[in-house]
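In my numbering, the protein residues as written are 968 to 1244.
Just so you know, even glycine gets a beta-carbon here, dropped at the ideal spot from N, CA and C.
Here's the structure we're looking at; comments come further down.
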Ligand SMILES: NC(=O)c1ccc[n+]([C@@H]2O[C@H](COP(=O)([O-])OP(=O)(O)OC[C@H]3O[C@@H](n4cnc5c(N)ncnc54)[C@H](O)[C@@H]3O)[C@@H](O)[C@H]2O)c1
């Protein structure tokens, strides 16, 4: 399939490389022309096991190209993924200005039917905002899909190639068929594509992020309590995690949670999650 990915950061580059690896032709668009120049020279901005080789291999096979030209990407694709950043504002809200700016650009250049799929983590209701922006600027038909990403930094390629599940948020049956076809190479271990409406898909991503964050925060609180009361958090963790209703994943106490963009709450040892999870 002909694919365009807009925003070639962590999620965008991994998505592009993995989709190209599955045989698709992918145009990678980023408005950071320095990043595009580097990528064209083979400089990969992040380290993920297997990513660099995959990018180089698919570029050589002409299945992956890098450009700062959004029009070129829109013209040469059926599915346009939006994977730009949505960082937290100081008040904790998500800054979706990059998403809205890409929507604006797509509306400007779209000249034939396209599927527009959001991979970025966006507040519930962004699907409607993006749809409204594009509809207000063009008569050209398009469909919108909420397709949140769940990859983990450090295991991003592996997570994309063998995902626990893929969430496809659209009620359009033809679009569901196309998205299923796109993701079928990644469903060899299991066929866990979950179809739902876009609002539920957006909520699912936030629900997963906050559930994981809650487990880590809970373990950190428990660890403090254990220290005060003379219990061993490691033994408590094992006892807790061996309950099949609870499970052992994401039950390790530690510094907190987050990624490159996490930051400490002022005056405390705890981290708050900014953009990544
Ligand atoms: N990193 C993760 O582990 C992870 C996992 C799941 C979901 N997410 C979500 O995916 C989204 C992207 O995250 P990321 O970590 O890849 O971000 P990132 O900061 O690594 O990359 C974002 C890219 O978008 C580009 N960009 C910004 N505005 C643009 C525009 N108007 N046009 C074209 N390109 C533009 C930037 O130049 C940058 O290269 C976020 O919403 C994030 O919350 C991230």
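Determine the DSSP secondary structure at residue 1185, reduced to helix, strand or coil.
helix
Determine which residues share a DSSP beta bridge with residue 969 and list them.
992
Starting from residue 1018, follow the beta strand (DSSP E) in both directions and report where the run begins and ends.
Note, residue 1018: premise wrong, no beta strand (DSSP E); alpha helix (DSSP H) at 1018-1027.
Mind reading off the beta-carbon distance from residue 1045 to residue 1141? Whole number of angstroms is fine, and I expect it under 8 Å.
The Cβ separation is near 12 Å, so there is no contact.
Applying the 10 Å Cβ sphere with the 16-neighbour rule, what's the burial state of residue 977?
buried
Sorry if obvious, but does the Cβ on residue 1017 come closer than 7 Å to a heavy atom of ligand 1?
no
Among 1025, 985, 1174, 1197, which residue has its Cα nearest to the Cα of residue 1130?
985
Closer than 7 Å: is that where the CB of residue 1060 sits relative to any heavy atom of ligand 1?
no
Would DSSP call residue 1153 helix, strand or coil?
helix
Quick one: residues in its chain with C-beta nearer than 7 Å to the C-beta of residue 981, no 5 flanking neighbours on either side, listed in chain order?
1015, 1018, 1118, 1123, 1124, 1127
Out of 1056, 1026, 1073, which has the shortest C-alpha to C-alpha gap to residue 1101?
1073
Is it right to say residue 1201 is buried, meaning 16 or more other beta carbons lie within 10 angstroms of its own, or is it exposed?
exposed
Continuous alpha helix (DSSP H) stretch holding residue 1085: start and end:
From DSSP, residue 1085 is part of no alpha helix (DSSP H) but of the beta strand (DSSP E) over 1081-1085.
Mapping the DSSP letters down to three states, classify residue 1201 as helix, strand or coil.
helix
Under 8 Å between the Cβ atoms of residue 1178 and residue 1218?
no
Near residue 1146, which residues of its chain fall below 6 Å by C-beta distance, leaving aside the five closest residues on each side in sequence?
1135
Beta-carbon proximity check, residue 1052 vs residue 996, cutoff 8 Å
no
Going along the chain, which residues of its own chain have a beta-carbon closer than 6 Å to the beta-carbon of residue 1172, five neighbours each way excluded?
1088, 1115
Is it true that the CB of residue 1108 sits closer than 8 Å to the CB of residue 1067?
no
Hey, would you say the C-beta of residue 977 is under 7 Å away from at least one heavy atom of ligand 1?
yes
Need the endpoints of the alpha helix (DSSP H) that residue 1066 sits in, please.
1064-1076
What's the C-alpha gap between residue 1104 and residue 1004?
31 Å
Tell me whether residue 1093 sits in a helix, a strand or coil according to DSSP, three-state version.
helix
Since residue 1063 contacts residue 1093 with CB under 8 Å, what's their CB separation in whole angstroms?
6 Å
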